[in-house]
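Enquirer:
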Amino acid sequence: MIEIKNLSKTFEQGGNFFTNSKKIYAVSNVSLNIEPGNAVGLVGESGCGKSTFARCVLQLIKPTGGSVFFNGVDLTKINGNSLKKLRAKFQMVFQDPGESLNPRMKISEIIGEPLNLHTNFSTLEKRYRMEEIMNEVGLKTHHLERYPHQFSGGQQQRIGIGRAIATKPDFIVLDEPTSALDVSIRGQILKLLQDLKYRFNLSYLLITHDLNVVLNVCDYVAVMYLGKIVEFGTTESIFSSPLHPYTQALLSSIPIPDPMSKNKRIKLKGEIPSPTKIHKICALHGRCPVKNSNCDSEYPLILEKKPGHFAACWNTNRIITN
Amino acid sequence: MLNINNLHTHIRTNYGNVKAVNGATFNLEQGEILGLVGESGCGKSLTALSILRLIQKPINIVEGDIFFNGKNLLNKSINEMRKLRGKEISMIFQNPRESLNPVFTVLDQLINIYQTHLGGSKKEAYSKSLEMLNAVNIPDASERILSYPHELSGGMCQRVMIAMALICEPKLLIADEPTTALDVTVQAEVLDLILSIVKSKTMSCLFITHDLGVIAQICDRVAVMYAGQVVELGRVKDIFSNPSHPYTVGLLNSALRADQKSPINVIPGEVADPTNIPQGCSFNPRCNKVHDTCYKKIPKNVNLNNNHIVKCHLFNNN
Amino acid sequence: MLHKIKNFCIYRPLPAIGLFILILFSISGIFAPLIAPYGPIEMIVKDRLSSPSLTHLMGTDHLGMDIFSRVVYSARIDLFIAVTSVGFAMIIGVPLGALIGYSPKKVDETVMRLIDGINAFPMFILALIVAGAVGPGLKNVIFVVAFVNFPSYLRLVRGQVLSLKERQFVEAAQSVGNGYLRITMFHILPNTLGPVLVLMCLNCAWAIITAAGLSFLGVGIPLPEPEWGAMVSVGTRYALSGEWWIAFFPGIAITLVVLSLNLIADTLQEMMDPKRRILI
Chain A
123 MIEIKNLSKT FEQGGNFFTN SKKIYAVSNV SLNIEPGNAV GLVGESGCGK
173 STFARCVLQL IKPTGGSVFF NGVDLTKING NSLKKLRAKF QMVFQDPGES
223 LNPRMKISEI IGEPLNLHTN FSTLEKRYRM EEIMNEVGLK THHLERYPHQ
273 FSGGQQQRIG IGRAIATKPD FIVLDEPTSA LDVSIRGQIL KLLQDLKYRF
323 NLSYLLITHD LNVVLNVCDY VAVMYLGKIV EFGTTESIFS SPLHPYTQAL
373 LSSIPIPDPM SKNKRIKLKG EIPSPTKIHK ICALHGRCPV KNSNCDSEYP
423 LILEKKPGHF AACWNTNRII TN
Chain B
-11 MLNINNLHTH IRTNYGNVKA VNGATFNLEQ GEILGLVGES GCGKSLTALS
39 ILRLIQKPIN IVEGDIFFNG KNLLNKSINE MRKLRGKEIS MIFQNPRESL
89 NPVFTVLDQL INIYQTHLGG SKKEAYSKSL EMLNAVNIPD ASERILSYPH
139 ELSGGMCQRV MIAMALICEP KLLIADEPTT ALDVTVQAEV LDLILSIVKS
189 KTMSCLFITH DLGVIAQICD RVAVMYAGQV VELGRVKDIF SNPSHPYTVG
239 LLNSALRADQ KSPINVIPGE VADPTNIPQG CSFNPRCNKV HDTCYKKIPK
289 NVNLNNNHIV KCHLFNNN
Chain C
109 MLHKIKNFCI YRPLPAIGLF ILILFSISGI FAPLIAPYGP IEMIVKDRLS
159 SPSLTHLMGT DHLGMDIFSR VVYSARIDLF IAVTSVGFAM IIGVPLGALI
209 GYSPKKVDET VMRLIDGINA FPMFILALIV AGAVGPGLKN VIFVVAFVNF
259 PSYLRLVRGQ VLSLKERQFV EAAQSVGNGY LRITMFHILP NTLGPVLVLM
309 CLNCAWAIIT AAGLSFLGVG IPLPEPEWGA MVSVGTRYAL SGEWWIAFFP
359 GIAITLVVLS LNLIADTLQE MMDPKRRILI
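Residue numbers (our numbering), protein chains in the order written: chain A, 123 to 444; chain B, -11 to 306; chain C, 109 to 388.
#1: Between the Cα of Ile286 of chain B and the Cα atoms of B:Gln217, B:Gly222, B:Leu154, which residue gives the shortest distance?
#2: Assuming Asn289 of chain B and Lys299 of chain B are in contact, meaning their beta carbons sit under 8 Å apart, how far apart are those beta carbons, in whole angstroms?
#3: Which same chain residues, not among the five before or five after Arg440 of chain A, have their C-beta less than 8 Å away from its C-beta?
#4: Sorted by chain position, which residues of the same chain lie with C-beta nearer than 6 Å to Ala211 of chain B's C-beta, five sequence neighbours on each side aside?
#5: Please return the same chain residues whose Cβ sits closer than 8 Å to the Cβ of Asn60 of chain B, not counting the five positions on each side in sequence.
#6: So that I know if they touch, is there some Cβ in chain A lying closer than 8 Å to that of Asn253 of chain B?
#7: Going by DSSP in three states, Met69 of chain B sits in which element: helix, strand or coil?
#8: Which full runs of the alpha helix (DSSP H) of 4+ residues lie inside the region 350 to 427 of chain A, going along the chain?
#9: If the cut is a Cβ gap below 8 Å, which residues of chain A does Thr232 of chain B touch?
#10: In chain C, what lies closer than 8 Å to Gln213 of chain A by C-beta?
#11: At which residues does the alpha helix (DSSP H) containing Met293 of chain C begin and terminate?
#12: For Leu144 of chain B, count the other beta carbons within 10 Å of its own beta carbon; 16 or more makes it buried, fewer makes it exposed. Which is it?
#13: Report the residues of the region 286 to 320 of chain C with a CB closer than 8 Å to any CB of chain A, ordered along the chain.
#14: Return the first residue and the last residue of the beta strand (DSSP E) that Val295 of chain A is part of.
#15: Could you check whether the Cβ of Leu390 of chain A sits closer than 8 Å to any Cβ belonging to chain B?
#16: Kindly say whether Arg275 of chain C, judged by its beta-carbon, lies nearer than 8 Å to any beta-carbon of chain A.
#17: Using 8 Å as the cut-off, can you tell me whether the region 173 to 192 of chain B makes contact with the region 94 to 107 of chain B, which would need three or more C-beta pairs spanning the two stretches below that distance?
#18: Strictly below 8 Å CB to CB, what residues from chain C border Ala210 of chain A?
#19: Please say whether Leu376 of chain C and Ile129 of chain C have beta carbons closer to each other than 8 Å?
#20: Which partner residues of Val210 of chain B appear in the DSSP bridge assignment?
#21: Find the residues of chain B that neighbour Asn257 of chain A, judging by a C-beta separation of less than 9 Å, and give them in chain order.
#22: Does any residue of chain A bring its CB to less than 8 Å from the CB of Ala206 of chain C?
#23: Determine the contact status of Asp292 of chain A and Phe212 of chain A, defining contact as a CB-CB distance below 8 Å.
#24: So what does DSSP say about Tyr3 of chain B, is it helix, strand or coil?
#25: First and last residue of the beta strand (DSSP E) that includes Ala140 of chain C?
#26: Is there a Cβ from chain F that is less than 8 Å from the Cβ of Ser222 of chain A?
#27: Per DSSP, what are the beta-bridge partners of Phe196 of chain C in this structure?
#28: Report the partner residues of Leu197 of chain B according to the DSSP bridge assignment.
#29: Which residues, in order along the region 303 to 329 of chain A, keep a beta-carbon less than 8 Å from a beta-carbon of chain B?
#30: Applying the criterion that 16 or more other CB atoms from any shown protein chain within 10 Å of the CB defines a buried residue, is Phe139 of chain C buried or exposed?
#31: Would Arg387 of chain A pass as an interface residue toward chain B - the criterion being a Cβ-Cβ separation below 8 Å?
#32: Determine whether the Cβ of Phe216 of chain A lies closer than 8 Å to any Cβ atom of chain C.
#33: Any idea if Glu235 of chain A is buried or exposed, counting beta-carbon neighbours within 10 angstroms, 16 or more meaning buried?
#34: Give the single residue among A:Lys350, A:Ser168, A:Gln277, A:Pro377 whose Cα lies nearest to the Cα of Pro422 of chain A.
#35: Look up Ile281 of chain A in the DSSP assignment and say whether it is helix, strand or coil.
#36: Can you round the beta-carbon distance between Leu207 of chain C and Thr344 of chain C to whole angstroms, since I take them to be within the 8 Å contact cut?
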């Protein structure tokens, strides 16, 4: 059970003796809960802060504010050693499979490392577990003696997933696990992830910009824009009736692989602003096709608009039509 | 207006000959957008580069013809090709930031192309450049024209690249995965832009992508490539409603859709390795309809109705 | 195995030649007593200043010492200096560079300013200064060369580490639960070794030139010990009077060894990349 409360991360860029550094508000006050066995998708475009958020949750980057409770333990407050020990329970799968594997390590060393760090397995037990892992991710045991570059992208990602499940964690964060893979391989990896989730009752935080992936793998979706969550709900609810204009724009922009149904696109004006200011009013202001008087004056809190479906918008009773 | 016939582009390596493009055949009519779809390693980018002959040793075009408006591009000299590039055939690439020169402003890069091909004074070049930037919907064009590439976002860089490609009003635009590196909302805008410009100027466009959604939305016809060959070619409507080659079927089935939840289908096996192409039909290790002939003979092109061409033994006997 | 060697010589002729020359010199150094017809400091005064002949293949110098024997014996000394001084420089510079590259900014900055101080001197001048302070002799030459060289390793490795630590596999190592020391030594360091090996080769070449230079100027290996640089020094005095062989042969020896090391260094990095390991 993961409870993220008011997580914030601010980066400082530049700055020296003469000038002040620029602050970048990558993540602002994000709260999210992930129940055991659930997959939560976090979608948003580049620069919205989702990757930063994922790393803050796992404490790979130290958040500037907020807490992350993992089964009741606040990960932001415990010391280095205790955190290291807990890492056996939450792991990460990275975006670029070729890059996330150390090119000088054999596969057996790569997936054996978490076992070495977190368990007291004997060599035999380790070997047994490694062969088990290879089977679970769909690779052969003789692959253990090879190096990462001898595998294709899809296989490398399987190895990355194997490494993540080695210590039988409860929670896995996946940062764009299929973006770097070919279309026909994507399906294989997503199927594997679905499979593992059901068999081991894993919870996922799946970061992606690809809404197609979310629809097929996740139970809940959170939509992120400029460091804040603007909408949250079950996958069905969000895809069938998106409430926030940004979500609507996002969903309408995905090209549908069916020449008979043309997209009815909702357009946002302008470009994504850079995250260097704290927003006192809605972050979509200026780009949004809908507007009412509140939009200029107050920041819309994220409220439950329908059962289980939250959105941060003053206009959520209007669905936008072109 | 573009006819590619049995194109073979091979790469000589220490391990032997890599047949990256292995007999690709397709054509592009005037005024249409042809999608070239396939996964990594299928040879689509190299096909595009071969058309413009932007290749060097150890990559060679070893066989085949490329007819552009009746003339065989493979017979032209390098100088003749240079005059063609940017003027009659233009190309836009996947990563816009990599394709723009970081030390020159947008204006410099546009003027450079204009004056190289069409001559003219700086004033003419400037006004044409401004016109192009407005045509690609860059806001505040007169200010942005003086920016450097690093000052622009990914979507803007891509638009600048489109402006650069179109400034000499080419007859053919080759787009190599132009929106793959962009966010989905930006992608939608760039696609709209490409569609509207191509249609309004009755240009032809060869659009390379791996995204079937994009093909469905903007292309008129599509060629499906696998292991260096075109395995299916036809109108988008025909191919999506009646996919014939098992690879096309698999690709369409495994495409994830955002408008309906579906079980995930996969094509088993790995994407074809261009250094190790199987005997007979190159899809035989992954095909669910494979039979004996598939391992021995290379399939021939079969014309189903409506100029819907498939390269598969399943249709040979009909 | 033999097939691999053959392939190597065909596809990469230059480093093959370099390797061959180096092996030749190493053998002559190791088996010097068996190859050299005379002792290294055996003076045959009646034969002094004789030109190359059948009895003295490379002639003799002003003290009657056989140049050929001295060149062969000197291979021992020069190669020994090269290997040990570079070895020391590497053992100190590499781990230090790795630790500093992965440490917090303040530590990094402080140490780098100290290293900059050492590097502010032109390398050879610094070598001279230190040699002047500690005096001539084999051990001192090794110390001088090692001291002047270790900053290059430190810098190189630190630079590599700074870029490597942003790579995803390092992040993955953190997420799996590795500690700082293990990540530095086990994950990052092995990936920096490619350029380090190249540097070692080039450094060996430089070490020999430095030792030769120091000996030439009299603060390296003292006469009458055989050392190529010292021999060249002696030879320059006789160049004008026509006894060209005294400086020529040791000079050629230095040139050949330095050239071979450079040729090898050129190809080494490419071979160290694990993605290319399949290639020979």
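Glycine included, every Cβ here is placed at the ideal spot set by N, Cα and C. Note that the structure is predicted; figures quoted are calculated from it, not measured.
Expert: Based on what the coordinates show:
#1: The residue you call residue 286 of chain B lines up with position 298 of the second sequence. Nearest of B:Gln217, B:Gly222, B:Leu154 to Ile286 of chain B, Cα basis: B:Gln217.
#2: Reading the second sequence from its first residue, position 301 is the one you call residue 289 of chain B. Reading the second sequence from its first residue, position 311 is the one you call residue 299 of chain B. Between Lys299 of chain B and Asn289 of chain B the Cβ distance is about 5 Å, and since that is below 8 Å, they are a contact.
#3: Counting from one through the first sequence, the residue named residue 440 of chain A turns up at place 318. Low local confidence applies: a pLDDT of 49 at Arg440 of chain A is under 50, so the model's placement there is unreliable, with the coordinate-based value given in what follows. Same-chain partners within the cutoff: Val412.
#4: Along the second sequence, one-based indexing puts residue 211 of chain B at 223. For Ala211 of chain B, where only same-chain residues beyond five positions count, the Cβ hits under 6 Å are Phe14, Leu24, Val218, Leu221.
#5: As a first step, residue 60 of chain B must be located in the second sequence, where it is residue number 72. Hits under 8 Å: Asp53, Ile54.
#6: In the second sequence, counting from the first residue as 1, residue 253 of chain B sits at position 265. At least one beta carbon of chain A lies nearer than 8 Å to the beta carbon of Asn253 of chain B.
#7: Counting from 1 along the second sequence, the entry for residue 69 of chain B is found at position 81. Here Met69 of chain B sits in helix by DSSP.
#8: 357 to 362, 367 to 375, 416 to 419
#9: For the purposes of this step, residue 232 of chain B is identified with residue 244 of the second sequence, where counting begins at 1. Correcting the residue type first, residue 232 of chain B is Ser in the shown sequence and not Thr. What Ser232 of chain B touches in chain A: nothing, since even the nearest Cβ is about 16 Å away.
#10: For the purposes of this step, residue 213 of chain A is identified with residue 91 of the first sequence, where counting begins at 1. In chain order: Ser283, Val284.
#11: Within the third sequence, numbered from 1, the residue matching residue 293 of chain C stands at position 185. Per DSSP, Met293 of chain C is not a residue of any alpha helix (DSSP H), being assigned neither H nor E.
#12: As a first step, residue 144 of chain B must be located in the second sequence, where it is residue number 156. Here residue 144 of chain B turns out to be Met, not Leu, going by the sequence shown. With 16 or more other Cβ atoms within 10 Å, it is buried.
#13: Asn286, Gly287, His295, Pro298, Asn299
#14: Against the first sequence, residue 295 of chain A aligns to sequence position 173. Val295 of chain A -> beta strand (DSSP E) spans 293 to 297.
#15: Translated into the one-based positions of the first sequence, residue 390 of chain A becomes position 268. Yes, Leu390 of chain A lies at the interface with chain B (some Cβ there is under 8 Å from its Cβ).
#16: Against the third sequence, residue 275 of chain C aligns to sequence position 167. True, the Cβ-Cβ gap to chain A drops below 8 Å.
#17: No: fewer than three Cβ pairs fall under 8 Å.
#18: Working through the first sequence from its first residue, we reach residue 210 of chain A at position 88. Gly285, listed in chain order.
#19: Residue numbering aside, residue 129 of chain C sits at position 21 when the third sequence is read from its first letter. Residue numbering aside, residue 376 of chain C sits at position 268 when the third sequence is read from its first letter. Cβ atoms of Ile129 of chain C and Leu376 of chain C: not closer than 8 Å.
#20: Taking the second sequence and counting its residues from 1, the one referred to as residue 210 of chain B is at position 222. Answer by DSSP bridge pairing, in chain order: B:Gly23, B:Gly222.
#21: Along the first sequence, one-based indexing puts residue 257 of chain A at 135. Neighbours of Asn257 of chain A on chain B: none; closest Cβ ~17 Å, over 9 Å.
#22: Position 98 of the third sequence, counted from the start, is the residue given in the question as residue 206 of chain C. No, no contact with chain A.
#23: Position 170 of the first sequence holds residue 292 of chain A. Position 90 of the first sequence holds residue 212 of chain A. Result yes, Cβ atoms of Asp292 of chain A and Phe212 of chain A sit closer than 8 Å.
#24: For the purposes of this step, residue 3 of chain B is taken as the residue at position 15 of the second sequence. In this structure, DSSP gives Tyr3 of chain B a state outside helix and strand, which the three-state scheme calls coil.
#25: By one-based count along the third sequence, residue 140 of chain C stands at place 32. Premise fails: Ala140 of chain C lies in the alpha helix (DSSP H), 140 to 143, not in any beta strand (DSSP E).
#26: Included in the structure are the protein chains A, B and C, with no chain F among them.
#27: Position 88 of the third sequence, counting from 1, holds the residue named residue 196 of chain C. Per DSSP, none; premise fails for Phe196 of chain C.
#28: Here the question's residue 197 of chain B lines up with position 209 in the second sequence. Correcting the residue type first, residue 197 of chain B is Thr in the shown sequence and not Leu. B:Val25, per the DSSP bridge assignment.
#29: For chain B, the residues of the region 303 to 329 of chain A that bring a beta carbon within less than 8 Å of one of its beta carbons are Asp304, Val305, Ser306, Ile307, Arg308, Gly309, Gln310, Leu312, Lys313, Gln316, in chain order.
#30: On the third sequence, position 31 is the one that residue 139 of chain C refers to. A residue is called buried when at least 16 other Cβ atoms come within 10 angstroms of its Cβ; Phe139 of chain C does not meet this threshold and is exposed.
#31: Against the first sequence, residue 387 of chain A aligns to sequence position 265. Yes, its Cβ sits closer than 8 Å to a Cβ of chain B.
#32: Position 94 of the first sequence, counted from the first residue, corresponds to residue 216 of chain A. Yes, its Cβ sits closer than 8 Å to a Cβ of chain C.
#33: The sequence position of residue 235 of chain A within the first sequence is 113, counting from 1. Around the CB of Glu235 of chain A, 16 or more other CB atoms lie within 10 Å, so the residue is classed as buried.
#34: Residue numbering aside, residue 422 of chain A sits at position 300 when the first sequence is read from its first letter. For the options A:Lys350, A:Ser168, A:Gln277, A:Pro377, the alpha carbon positioned closest to that of Pro422 of chain A is the one of A:Lys350.
#35: Walking along the first sequence from the start, residue 281 of chain A turns up at place 159. Note: Ile281 of chain A maps to helix in three-state DSSP.
#36: The sequence position of residue 207 of chain C within the third sequence is 99, counting from 1. The sequence position of residue 344 of chain C within the third sequence is 236, counting from 1. That pair is no contact at about 45 Å.
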